[in-house]
Amino acid sequence: MLATGASAGTFSATPTGLTLDPATGTITPSNSAAGTYTVTNTVAASGSCSAATATTTVTITAPPKANIGYGATSYCTTTAGTVPLGIGTGSTRGTITVNPATGLTIDASGTITPSTSMPGTYFITNTVAASGGCAAVTGGTTVTIAAPATAAFSYPAAPNCTSTSGTVSPTLATGPQRARLLRQPV
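Quick note, the sequence shown lines up with residues 1358 to 1543 if you use my numbering.
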């Protein structure tokens, strides 16, 4: 915007990277590189008046990125220790939230503890606040916490005589997954 009484002359910017219309001074942020620029308006000499120049600075900011992820998409509840949330290249850690809100042991930085979490699938969101004229952005990732397979089984306590007709089936322990029974020769 020109000051009251000012004239549009020829506009220029340093360093290079700012998309600027030299006749009007209009900039196009979406076609410009992020950075701080010095913009100069030069009005040519007219009649007995000398040339005039004025400068101002303008800052173009890159929109924030919010890409996140874990080293794997699934962890067993037997996983020891914690698993940190990875932040993508050029991304910023913002506010971390999880859906559903209960069941996953997660701290404010996004680090999870599978061993104290409930089995299930969770969606983790990273919300980076608006800044530098750019809107807020969100990124997300899904992580599954799985219960370990259960392989326990038993047979009836009574002895099984070779002359008994029919079959004797095992009783499988309950759990999220049942193991496949393998018959081993005696």
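For each residue, glycine too, the CB sits at the ideal point set by N, CA and C.
For residue 1409, same chain residues with a beta-carbon under 6 Å away, outside a window of 5 residues either side, are 1400 in chain order.
Here the stretch 1471 to 1481 makes contact with the stretch 1430 to 1448; the two share three or more CB pairs at distances below 8 Å.
Its Cα nearest to that of residue 1514, the residue 1525 stands out among 1525, 1425 and 1391.
Within the DSSP secondary-structure output, residue 1511 pairs in a beta bridge with 1528. With 16 or more other Cβ atoms from the protein chains shown falling within 10 Å of its own Cβ, residue 1421 counts as buried. By the criterion of a C-beta distance shorter than 8 Å, residue 1488 is surrounded in its chain by 1418 and 1421, once the five residues flanking it on both sides are discounted. Going by DSSP, residue 1388 is part of no beta strand (DSSP E) at all; its letter is neither H nor E. Cβ neighbours of residue 1452 within its own chain (closer than 7 Å, five residues either side excluded): 1484. Taking 3 residues as the minimum length, the beta strand (DSSP E) runs contained wholly in the stretch 1422 to 1484 are 1431 to 1433 and 1452 to 1456, in order along the chain.
The stretch 1389 to 1398 and the stretch 1459 to 1469 do not touch, with fewer than 3 CB-CB distances between them shorter than 8 Å. Counting only the Cα atoms, residue 1458 lies some 50 Å from residue 1370. Between residue 1442 and residue 1427, the C-beta spacing is below 8 Å. Annotated three-state conformation of residue 1398 is strand, per DSSP.
If you compare the alpha carbons of 1430, 1415 and 1423 with that of residue 1446, the shortest gap goes to 1423. Residue 1385 holds the alpha-carbon nearest to the alpha-carbon of residue 1415 among 1385, 1405, 1406 and 1429. Here DSSP, grouped into helix, strand and coil, assigns residue 1416 to strand. Per the DSSP secondary-structure output, residue 1375 pairs with nothing in a beta bridge. Residue 1381 and residue 1492 have their C-alpha atoms some 27 Å from each other.
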